[in-house]
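To start, the structure under review is shown below, and the notes come after it.
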Amino acid sequence: PLLLVGAEKARGSDAGRRGMGLADELAVLNEQLDADLAEDATEVDLEEKGLSEVPPVVFQLGEVESLVLDSNSISRLPDQVSQLSQLQELHVRGNKLRELPDTVCNVGKLQGIF
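Structure, rendered in structure tokens:
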């Protein structure tokens, strides 16, 4: 489930989301975060969105080259970050991260963590 720090926006239950496709999940996320993410996005900018975790739908976006998560409250990156096979830049400044998952080393095109 999507966790938003300090947000009182409605979140659908897991049961309700199970039948949702990628486009539907992106539409919900875009509405919740006032974002503009698309299935073919090469850059995902979620800077200063009040996130405590990375929305799982992000890991379904196969073309992402740049993931910007700066200035949130993320304390852990999930292992699924390795699913972003095109990822070149990972921006995580201003979060509560103490370490990165070992799987980040499996992202073959990753050029930098900022």
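With this note's numbering as the guide, the letters of the sequence shown map in order to residues 21 to 134.
Note that CB positions come from ideal geometry on N, CA and C, so glycine has one too.
- Exclusion of the five residues before and after Ser105 leaves Gly82, Val127, Gly128 and Lys129 as the residues of its chain whose Cβ lies within less than 8 Å of its Cβ.
- Using a Cβ distance threshold of 8 Å, Arg113 and Asp90 count as a contacting pair.
- As the crow flies, the alpha-carbon of Glu63 is around 8 Å from that of Val88.
- The C-alpha of Asn92 is placed about 7 Å away from the C-alpha of Glu67.
- Under the three-state reduction of DSSP, Glu51 is assigned to helix.
- Nearest Cα to Glu73 within the set Leu57, Asp99 and Glu59: Asp99.
- Contact annotation: Ser95 and Lys116 have beta-carbon atoms nearer than 8 Å.
- By the neighbour-count criterion, in which 16 or more other beta carbons inside 10 Å mark a residue as buried, Glu45 falls on the buried side.
- With respect to the C-alpha of Phe134, the residue from His111, Asp122 and Thr123 having the closest C-alpha is His111.
- Between Leu107 and Val84 the beta-carbon gap is near 6 Å, inside 8 Å, which marks them as a contact.
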